[in-house]
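Enquirer: I'd like to ask you about the structure that follows.
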Amino acid sequence: MNLITVKLHIRRNTQWENFSVEIGSNAYVLDALEAASAQDSTLLYRHSCHHGSCGSCGLRINGREHLACITKVKDVINSNGIIRLEPLRNFTIIRDLLVDFRPFMLRLDEINLPLRRSAEQLSESIEESDKCIFPSIIGKEGMELLPGFNRLENCIECGLCNSACPITGSDKQYKGPAYLAAAARVTSEPRQRDLNQVLMHVNDDHGIWRCHAAFECSEVCPGRVDPAREILVLRAKIIRRKTKNKNQKRKK
Amino acid sequence: MKTHSHWFDLHIYSVGMIGFMLHRLTGIGLVVYLYLHLYALDELRQGSQAWDKFLQMMSSPLVLLLDSVLLFGVLFHGLNGLRLVLVGLGLGFRWQGWLFWSCLCVSIILTIFGILVMILKYHGIVAGF
Chain A
0 MNLITVKLHI RRNTQWENFS VEIGSNAYVL DALEAASAQD STLLYRHSCH HGSCGSCGLR
60 INGREHLACI TKVKDVINSN GIIRLEPLRN FTIIRDLLVD FRPFMLRLDE INLPLRRSAE
120 QLSESIEESD KCIFPSIIGK EGMELLPGFN RLENCIECGL CNSACPITGS DKQYKGPAYL
180 AAAARVTSEP RQRDLNQVLM HVNDDHGIWR CHAAFECSEV CPGRVDPARE ILVLRAKIIR
240 RKTKNKNQKR KK
Chain B
0 MKTHSHWFDL HIYSVGMIGF MLHRLTGIGL VVYLYLHLYA LDELRQGSQA WDKFLQMMSS
60 PLVLLLDSVL LFGVLFHGLN GLRLVLVGLG LGFRWQGWLF WSCLCVSIIL TIFGILVMIL
120 KYHGIVAGF
C-alpha cells in the first residue's frame, strides 16, 4: 500500500490548525481525520458507520459539503497536499467540526415526518405496519402500481442540504430542504396521514415559497434524494390544489 | 457559535447556485441604480441648463460603459426571473440548467448588440445623442 502525506487544514472554532498525517493513497477523508485525532485527542468530530449510511460525518471539505467517510482523499487533495476541513454551515457549532443536530432533528419530528428507509420500516411492529406500505407486504406487483417515487427514503439525515442551502443561511426560520422534501414525500404517498396538516406546515413564507431554486441541496445530497425537485413538485401540487378549490367554489 | 451566512459563495459548482448569485447581485445592482436614477431625475428641478449639463455628463464613455453593465443586469435579471417563475412553479425544472445558460447567452448577445448601438450612436454613425 502506497502511503501519502496529507496536510489537514482544520477549522477549530475561530482559528485554523494544521495536522500532517500519513495515510494510504486510497484512504478516505475520515481515515485522515482519525489519524489527526490520534495526534490530538481533543479534536472533535462526529462519525459512526464508515460507509455513508449513518450520515453523521458530514463536513465541508475544501468549502464543499461531503460525507467524510465516502470521500476519497485523492479526489479532494490539492497540488500542495492540503485538504481544508470545516464544520457544516447553518448549524450551531459545539466545538471544532462538531455541530448541534438537535434543532434539525426536532424540526423533522415536529410534524411527525421521520425520514425512514424501507429497511427500517420493515423492523417495526405489526401494529405500526398498517401506517406504512412495505414492499414485502404489497409485493412486487403492488410496488409496480406505485407511481415513480423519488428515492427520498434514502435520506440519511446528514444535514448536507441544510448546510449548502443559501436560503437556510439567510433566513433562520426557513424550514430547510430536508424538511420540505420530507413533506413532499408524504404528499406523494400519504399513508393515511392528514395531507391538510402537512400542507399547512409547509405553505408559508418560511416554508415552500422561500426556496429560491439554487439547487445546491440536490447537488450535495449523498443519497441522490434531489430535495430541490421535491420542493418544486410540492409547490406545483399546492398551486393545483388551490386552483382546483377556487374552481369548485365558483361552480357552487 | 453559528457558522456564517453564505448567499454569496465562491466554492460553487452548480449552475443553479451561479444563477442564484448572479440574480441577487444584478437585483442589488438594479436597486442601487433605481436610487441613482431618481437622483438624476431630481436634476430636472434645477432647470434646463443643469439638465443639459447632466445629459452631457451622461454621454461620456465611462457612463456608457456603466450603461452596458446596467443593460446586462436588466436583461439577465428579467430573463432569469422568467426562468425562476417557471422553475418555481414546478415547470421545466429538469431543464433549469439549460434555461440558465440560455438566459445568460441571450443576455450577453443582446448586451453586445446594445453596446454596438451605443458606440455607433456615440460616434454619430447613427442618429442619436
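Here the protein sequences come in this chain order: A and B. For what it's worth, numbering that gives the first Met the number 0 labels the leading residue of the first sequence as 0, then goes sequentially. For what it's worth, numbering that gives the first Met the number 0 labels the leading residue of the second sequence as 0, then goes sequentially. Idealized CB from N, CA, C, for every residue including glycine.
1. Taking a contact to mean a Cβ-Cβ separation below 8 Å, would you say A/A163 touches A/V75 in this structure?
2. List the endpoints of the continuous beta strand (DSSP E) containing A/G57.
3. From A/H197 to B/T110, what does the alpha carbon distance come to, in whole angstroms?
4. If we define contact as Cβ-Cβ less than 8 Å, is B/M56 a contact residue for chain A?
5. Give me, in chain order, the residues of the same chain whose beta-carbon lies closer than 8 Å to that of B/Y34; leave out the 5 immediate sequence neighbours on both sides.
6. Go to A/F18, then tell me how far its beta strand (DSSP E) extends in each direction, as first and last residue.
7. Tell me, to the nearest whole angstrom, how far the beta carbon of A/I92 is from that of A/V5; I am working on the premise that it is less than 8 Å.
8. Mind listing the chain A neighbours of B/S106? Cutoff is C-beta to C-beta under 9 Å, in chain order.
9. Taking 8 Å as the CB-CB limit, is B/L83 close to chain A?
10. Output yes or no for whether 8 Å exceeds the beta carbon distance between B/R82 and B/L103.
11. Quick one: is A/D39 buried, meaning 16 or more other Cβ sit within 10 Å of its Cβ, or exposed?
12. Check distances from the C-beta atoms of the segment 69-96 of chain B to those of chain A and list, in chain order, the residues that come in under 9 Å.
13. Can you tell me where the alpha helix (DSSP H) holding A/T167 begins and where it ends?
14. Is A/V5 helix, strand or coil by DSSP?
15. Do you know offhand how far A/E126's Cα is from A/F90's?
16. Helix, strand or coil: which one does DSSP assign to A/T91?
17. Looking at the unbroken beta strand (DSSP E) that takes in A/E188, where does it start and where does it end?
18. Kindly indicate which three-state DSSP category A/M0 falls into: helix, strand or coil?
19. Kindly list the residues whose CB is nearer than 8 Å to the CB of B/V105, restricted to its own chain and excluding five residues on each side of it in sequence; keep chain order.
20. List, in order along the chain, the chain B residues whose C-beta lies closer than 7 Å to that of A/L43?
21. Would you say A/E215 lies against chain B (beta-carbon separation less than 8 Å)?
22. Beta-carbon within less than 6 Å of A/C53's beta-carbon, same chain only, minus the 5 sequence neighbours each way: which residues are those?
23. In angstroms with no decimal places, state the Cα-to-Cα distance between A/C68 and A/H50.
24. My assumption, with CB atoms under 8 Å, is that A/T186 sits in contact with A/G175. Please give the rounded CB distance.
25. Identify whether A/R45 lies in helix, strand or coil by the three-state DSSP scheme.
26. Can you find a CB in chain A that lies within less than 8 Å of the CB of B/H5?
27. Mind checking if A/P165 is an interface residue toward chain B, Cβ cutoff 8 Å exclusive?
28. A/S78 to B/G72, Cα distance in whole Å?
29. Under 9 Å Cβ-Cβ, which residues of chain A neighbour B/M16?
30. Please list the residues of the segment 233-248 of chain A that have a C-beta atom closer than 7 Å to any C-beta atom in chain B, keeping them in chain order.
31. Please classify A/M199: is it buried, with 16 or more other beta-carbons within 10 angstroms of its beta-carbon, or exposed?
32. Between the C-alpha atoms of B/V116 and B/L61, what's the straight-line distance to the nearest angstrom?
33. Give me the residue from A/E64, A/E33, A/L233 and A/V28 with the minimum Cα distance to A/N161.
34. Could you check the C-alpha separation between B/L88 and A/A235 for me, to the nearest Å?
Expert: If we stick to the structure as given:
1. Here residue 163 of chain A refers to the residue found at position 164 of the first sequence. Here residue 75 of chain A refers to the residue found at position 76 of the first sequence. For A/A163 and A/V75, no; Cβs fall outside 8 Å.
2. The residue given as residue 57 of chain A occupies position 58 in the first sequence. Taken as a continuous stretch (DSSP letters only), the beta strand (DSSP E) holding A/G57 covers G57 to I60.
3. Sequence index remark: in the first sequence, residue 197 of chain A carries index 198 (1-based). Sequence index remark: in the second sequence, residue 110 of chain B carries index 111 (1-based). Checking the sequence shown, residue 197 of chain A turns out to be Val, not His. Computed Cα separation, rounded: 46 Å.
4. On the second sequence, position 57 is the one that residue 56 of chain B refers to. Judged by the 8 Å Cβ criterion, B/M56 is not in contact with chain A.
5. Within the second sequence, numbered from 1, the residue matching residue 34 of chain B stands at position 35. Nothing listed; no residue qualifies.
6. What you label residue 18 of chain A is simply residue 19 of the first sequence in a count that begins at 1. It spans Q14 to G23 - the beta strand (DSSP E) in which A/F18 sits, taken as one unbroken run.
7. Start at 1 with the first residue of the first sequence, and residue 92 of chain A comes out as number 93. Start at 1 with the first residue of the first sequence, and residue 5 of chain A comes out as number 6. A/I92 to A/V5, Cβ: 23 Å. No contact.
8. Translated into positions along the second sequence, residue 106 of chain B becomes position 107. By Cβ distance, chain A contributes nothing, its closest Cβ being about 18 Å from B/S106, past 9 Å.
9. Working through the second sequence from its first residue, we reach residue 83 of chain B at position 84. Closer than 8 Å: yes.
10. Locating residue 82 of chain B in the second sequence gives position 83, where the first residue counts as 1. Locating residue 103 of chain B in the second sequence gives position 104, where the first residue counts as 1. No, Cβ-Cβ distance for B/R82 and B/L103 is not below 8 Å.
11. Taking the first sequence and counting its residues from 1, the one referred to as residue 39 of chain A is at position 40. By the neighbour-count rule (16 or more Cβ atoms within 10 Å), A/D39 is not buried but exposed.
12. R82, L83, V86, G87, L88, G89, L90, F92, R93, Q95 and G96
13. Taking the first residue of the first sequence as position 1, residue 167 of chain A is located at position 168. Looking at the DSSP string, the run of the alpha helix (DSSP H) that includes A/T167 is P165 to S169.
14. Your numbering for residue 5 of chain A matches position 6 in the first sequence. If DSSP states are grouped into helix, strand and coil, A/V5 belongs with the strands.
15. Here residue 126 of chain A refers to the residue found at position 127 of the first sequence. Here residue 90 of chain A refers to the residue found at position 91 of the first sequence. Its pLDDT being 42, under 50, A/E126 is placed unreliably by the model, and the measurement read from it follows with that caveat. So the alpha carbons of these two residues sit roughly 36 Å apart.
16. Position 92 of the first sequence, counting from 1, holds the residue named residue 91 of chain A. If DSSP states are grouped into helix, strand and coil, A/T91 belongs with the strands.
17. Position 189 of the first sequence, counting from 1, holds the residue named residue 188 of chain A. Segment: none, A/E188 is in no beta strand (DSSP E) and carries neither H nor E.
18. Translated into the one-based positions of the first sequence, residue 0 of chain A becomes position 1. Correct three-state label for A/M0: coil.
19. Here residue 105 of chain B refers to the residue found at position 106 of the second sequence. If we look at B/V105 and ignore the five residues flanking it on each side, its Cβ neighbours are L74 and L78.
20. Position 44 of the first sequence holds residue 43 of chain A. The contacting residues do not exist; A/L43 stays about 13 Å from chain B at best.
21. Position 216 of the first sequence, counting from 1, holds the residue named residue 215 of chain A. Chain B contact via Cβ: present.
22. In the first sequence, the residue the question calls residue 53 of chain A occupies position 54. So the qualifying residues of the chain are S47.
23. Sequence index remark: in the first sequence, residue 68 of chain A carries index 69 (1-based). Sequence index remark: in the first sequence, residue 50 of chain A carries index 51 (1-based). Spanning the two alpha carbons is a distance of roughly 6 Å.
24. Locating residue 186 of chain A in the first sequence gives position 187, where the first residue counts as 1. Locating residue 175 of chain A in the first sequence gives position 176, where the first residue counts as 1. Contact doesn't hold; Cβ gap of about 17 Å is too wide.
25. Stepping through the first sequence from its first residue, residue 45 of chain A is reached at position 46. In the structure shown, A/R45 sits in coil (DSSP, three-state: anything other than H, G, I, E or B).
26. As a first step, residue 5 of chain B must be located in the second sequence, where it is residue number 6. At least one chain A Cβ lies under 8 Å of B/H5.
27. Reading the first sequence from its first residue, position 166 is the one you call residue 165 of chain A. True, the Cβ-Cβ gap to chain B drops below 8 Å.
28. Reading the first sequence from its first residue, position 79 is the one you call residue 78 of chain A. Reading the second sequence from its first residue, position 73 is the one you call residue 72 of chain B. Near 37 Å, if we compare the C-alpha coordinates of B/G72 and A/S78.
29. Translated into the one-based positions of the second sequence, residue 16 of chain B becomes position 17. What B/M16 touches in chain A: A163, P165, A213, F214, E215 and E218.
30. R234, A235 and I238
31. Taking the first sequence and counting its residues from 1, one reaches residue 199 of chain A at position 200. Burial call: exposed.
32. Taking the first residue of the second sequence as 1, we reach residue 116 of chain B at position 117. Taking the first residue of the second sequence as 1, we reach residue 61 of chain B at position 62. For B/V116 and B/L61, the distance between alpha carbons rounds to 16 Å.
33. In the first sequence, the residue the question calls residue 161 of chain A occupies position 162. Closest by alpha carbon: A/E64.
34. Numbered from its first residue, the second sequence carries residue 88 of chain B at position 89. Numbered from its first residue, the first sequence carries residue 235 of chain A at position 236. Roughly 5 Å separates the two Cα atoms.
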